[in-house]
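Undergrad: Chains as they are written, first to last, in UniProt numbering: chain A, 1 to 267; chain B, 1 to 267.
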């Protein structure tokens, strides 16, 4: 079991930002990745549909013998995590808990802005997790549905992206946020434009790194770390339910290197 | 058979613009509509996946006893129409042929701009159909993938939409197009902003009305028009594979009236 692969899934290829962080922290682990590109996005769909798709995603990974499942999708975590954790024997780890940890690592954080898909914002999962851990926080959560297609279009510094960011962020900035949580795996690619856009006083937080740290600590607790030495490089198998040039190109951008051979699969 | 309903499908609710045109032209016909909202959009996905989804959509409609299938989705028409027409007994009518008819109704049309999803542009279906019917046309087809999410966000006159339109349309305008084909069922909602954006010399064409006219003439030829008098109002049943407040609201906007009770279904 210890040498079994880690399973990671997302609605698309944005979750490869989490894979990249896992590979940096746990280089010897093998990883099986599933991106449900045929049915993306999840962020605009209903809780029932997101849960149904998430269960199908996990069953695909379990059929490949994974020892742990990482839900590298904020919307799926927000709507399906408890239901997945209840149903399956293996540990299922989402991106919200580590995101919240990353926000609260700064003890002075008091006014938190969150941008996410409509589904994630509506779930109140981040708002709830933050409020449980620190009293007196002021939280502004805004759905930012255009940011995913803008990133997928590679319009990272386009006037349309600037216009969308003004609409989404100006009201938060007027309210004096000190932290902006990027609560969607697509958003890390916007960090350069966000750094230009936001005042220096606003801290940007994304959950990929802290998610990888949480996976490492859970595997350590459960004695599930691979026995292979850290000098070995684990394999990465990427499975997508739809495959196109665009997804291959996006995979390269999210992973910051060649994704290798990608397999198209049916669920 | 003559009193059986018409079947109409789209990846989402944009196809309701075609339903609206059908109801105006053929008021007594019953209509069964399927929107595959759980898996939308189709426009960014691969030809194989679009064909697989389209066949599943048609089988759903055939199970409900429809006498004709209207493919009210440009991407599905572009990639799946011949395969659907081959497989099933009932007439299957797409939106591309009527769109092309509408463009060529103006005998002076020579420089045609087309905006559509990436999938529709890549299929070359419009370019091919136009080139077959009139020689010497100059055709500029541009994928405009941000326009669907902008319409869904109701940002019809937002600075981000203007910025996107500049990127998509300026190169066409520089080349002196005389006609702009809106080759996606979402785009009719952009007609007001497009009218402000384009010079008066550019004719805007969308296919919903001409598609309804083609359906009427095919039903007449095949003796399949309903026997009910035109003074009766046909029923409309809307089925969506995912249901949310946003889709209900969008349905109202595309249909220009209340969509009635919408049913969530699984394929």
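We put the CB at the ideal spot given by N, CA and C, even for glycine.
Verify whether the separation of the beta carbon atoms of residue 83 (chain B) and residue 51 (chain B) is less than 8 Å.
TA: Yes; because the gap between Cβ atoms is below 8 Å, this pair is in contact.
Undergrad: Would you call the region 134-154 of chain A in contact with the region 199-212 of chain A, where contact means no fewer than 3 C-beta pairs closer than 8 Å?
TA: At 8 Å Cβ cutoff, the stretches do not touch.
Undergrad: So if I threshold CB-CB distances at 7 Å, which residues from the region 53-77 of chain B count as touching chain A?
TA: From the region 53-77 of chain B, no residue has a Cβ closer than 7 Å to chain A.
Undergrad: Would the region 38-46 of chain A count as touching the region 230-248 of chain B if we require 3 or more Cβ pairs under 8 Å?
TA: Yes, since at least three Cβ pairs between the region 38-46 of chain A and the region 230-248 of chain B fall closer than 8 Å, the two stretches touch.
Undergrad: Give every residue of the same chain whose Cβ lies closer than 7 Å to the Cβ of residue 4 (chain A), excluding the five residues on either side of it in the sequence, and list them in chain order.
TA: For residue 4 (chain A), where only same-chain residues beyond five positions count, the Cβ hits under 7 Å are 65, 66 and 67.
Undergrad: Closest to residue 9 (chain A) by CA distance: which of A:86, A:26, A:214 and A:72 is it?
TA: Looking at the Cα atoms, A:72 is the closest of the given residues.
Undergrad: In its own chain, which residues sit with a C-beta less than 6 Å from the C-beta of residue 212 (chain B), not counting the 5 before and 5 after it?
TA: The answer, listed in chain order, is 21, 22 and 25.
Undergrad: Give the C-beta separation of residue 178 (chain A) and residue 37 (chain A) to the nearest angstrom, bearing in mind that I take them to be a contact with Cβ-Cβ under 8 Å.
TA: Wrong, their Cβ atoms sit about 36 Å apart, outside the cutoff.
Undergrad: Identify the residues that DSSP records as bridge partners of residue 203 (chain A): which are they?
TA: In DSSP, residue 203 (chain A) forms a bridge with A:179.
Undergrad: Pick helix, strand or coil for residue 104 (chain B), following the three-state DSSP scheme.
TA: If DSSP states are grouped into helix, strand and coil, residue 104 (chain B) belongs with the helices.
Undergrad: Would residue 154 (chain B) be called buried (16 or more neighbouring beta carbons within 10 Å of its own) or exposed?
TA: It is exposed - the Cβ of residue 154 (chain B) has fewer than 16 other Cβ atoms within 10 Å.
Undergrad: Is DSSP giving residue 136 (chain B) helix, strand or coil here?
TA: Three-state result, residue 136 (chain B): coil.
Undergrad: Opposite residue 89 (chain B) in the DSSP bridges: which residues?
TA: Residue 89 (chain B) pairs with nothing; no bridge assigned.
Undergrad: Using CA coordinates, which residue listed in B:167, B:151, B:189 and B:224 is at the minimum distance from residue 69 (chain B)?
TA: Per the Cα distances, B:224.
Undergrad: Below 8 Å between beta carbons: does that hold for residue 160 (chain A) and residue 160 (chain B)?
TA: It is a contact, given that the beta carbons lie within the stated cut-off.
Undergrad: Would you say residue 146 (chain A) faces chain B, with C-beta separation under 8 Å as the test?
TA: Chain B, which has a Cβ nearer than 8 Å to the Cβ of residue 146 (chain A), makes this yes.
Undergrad: Give a yes or no on whether 8 Å exceeds the smallest Cβ distance from residue 158 (chain A) to chain B.
TA: It does: the Cβ of residue 158 (chain A) has a partner Cβ on chain B nearer than 8 Å.
Undergrad: Can you give me the start and stop residues for the alpha helix (DSSP H) that residue 12 (chain B) sits inside?
TA: Neither: residue 12 (chain B) is in no alpha helix (DSSP H) and is coded neither H nor E.
Undergrad: Indicate whether at least one CB of chain A lies closer than 8 Å to the CB of residue 252 (chain B).
TA: It does not; no Cβ of chain A falls within 8 Å.
Undergrad: Assess contact between the region 185-199 of chain B and the region 100-107 of chain B, defined as three or more Cβ pairs (one per stretch) separated by less than 8 Å. Is contact present?
TA: Contact fails: fewer than three Cβ-Cβ distances are below 8 Å.
Undergrad: Select from A:183, A:89, A:86 and A:251 the residue whose C-alpha is nearest the C-alpha of residue 129 (chain A).
TA: The candidate whose alpha carbon is nearest that of residue 129 (chain A) is A:183.
Undergrad: Return the chain-ordered list of same chain residues with a C-beta closer than 7 Å to the C-beta of residue 251 (chain A), the five sequence neighbours on each side being excluded.
TA: The residues are 13, 16, 238, 259 and 262.
Undergrad: Spell out whether any CB of chain A is found under 8 Å from the CB atom of residue 149 (chain B).
TA: Judged by the 8 Å Cβ criterion, residue 149 (chain B) is in contact with chain A.
Undergrad: Can you tell me the Cα-Cα spacing of residue 150 (chain A) and residue 101 (chain A), whole angstroms?
TA: Distance between the alpha carbons of residue 150 (chain A) and residue 101 (chain A): 28 Å.
Undergrad: Can you tell me where the alpha helix (DSSP H) holding residue 55 (chain A) begins and where it ends?
TA: Taken as a continuous stretch (DSSP letters only), the alpha helix (DSSP H) holding residue 55 (chain A) covers 47-63.
Undergrad: Verify the CB distance criterion: does residue 4 (chain B) have a CB-CB separation below 8 Å to chain A?
TA: No - not a single Cβ of chain A is within 8 Å of the one on residue 4 (chain B).
Undergrad: Can you tell me the Cβ-Cβ gap for residue 181 (chain B) and residue 112 (chain B), rounded? I've got them flagged as a contact below 8 Å.
TA: Residue 181 (chain B) to residue 112 (chain B), Cβ: 6 Å. Contact.
Undergrad: Should residue 152 (chain A) be labelled buried (16 or more other beta-carbon atoms within 10 Å of its own) or exposed?
TA: Under this definition residue 152 (chain A) is a buried residue.
Undergrad: If residue 99 (chain A) and residue 210 (chain A) are in contact, beta carbons under 8 Å, what's the gap, nearest whole angstrom?
TA: About 7 Å; that satisfies the 8 Å criterion.
Undergrad: Can you pull out the residues from the region 191-206 of chain A whose beta carbon lies closer than 9 Å to at least one beta carbon of chain B?
TA: For the region 191-206 of chain A, which is checked against every Cβ of chain B, not one residue is closer than 9 Å.
Undergrad: Out of A:143, A:56, A:62 and A:60, which has the shortest C-alpha to C-alpha gap to residue 80 (chain A)?
TA: Among A:143, A:56, A:62 and A:60, the Cα nearest to that of residue 80 (chain A) belongs to A:56.
Undergrad: Within its chain, find whatever has a CB closer than 7 Å to the CB of residue 119 (chain A); leave out the 5 residues flanking it on each side and keep chain order.
TA: These residues qualify, in order along the chain: 42, 43, 44, 45, 50, 75, 78 and 79.
Undergrad: Closest to residue 85 (chain B) by CA distance: which of B:226, B:198, B:123 and B:54 is it?
TA: Comparing Cα-Cα distances from residue 85 (chain B) to each of B:226, B:198, B:123 and B:54, the minimum goes to B:54.
Undergrad: How many Å lie between residue 200 (chain A) and residue 194 (chain A) at the Cα?
TA: The alpha-carbon atoms of residue 200 (chain A) and residue 194 (chain A) are separated by roughly 10 Å.
Undergrad: Rounded to whole angstroms, how far is the Cβ of residue 91 (chain A) from the Cβ of residue 218 (chain A), which I believe are closer than 8 Å?
TA: That belief holds up - the Cβ atoms of residue 91 (chain A) and residue 218 (chain A) are roughly 6 Å apart, short of 8 Å.
Undergrad: Looking at chain B, is there any beta carbon in it that lies within less than 8 Å of the beta carbon of residue 44 (chain A)?
TA: Chain B contact via Cβ: present.
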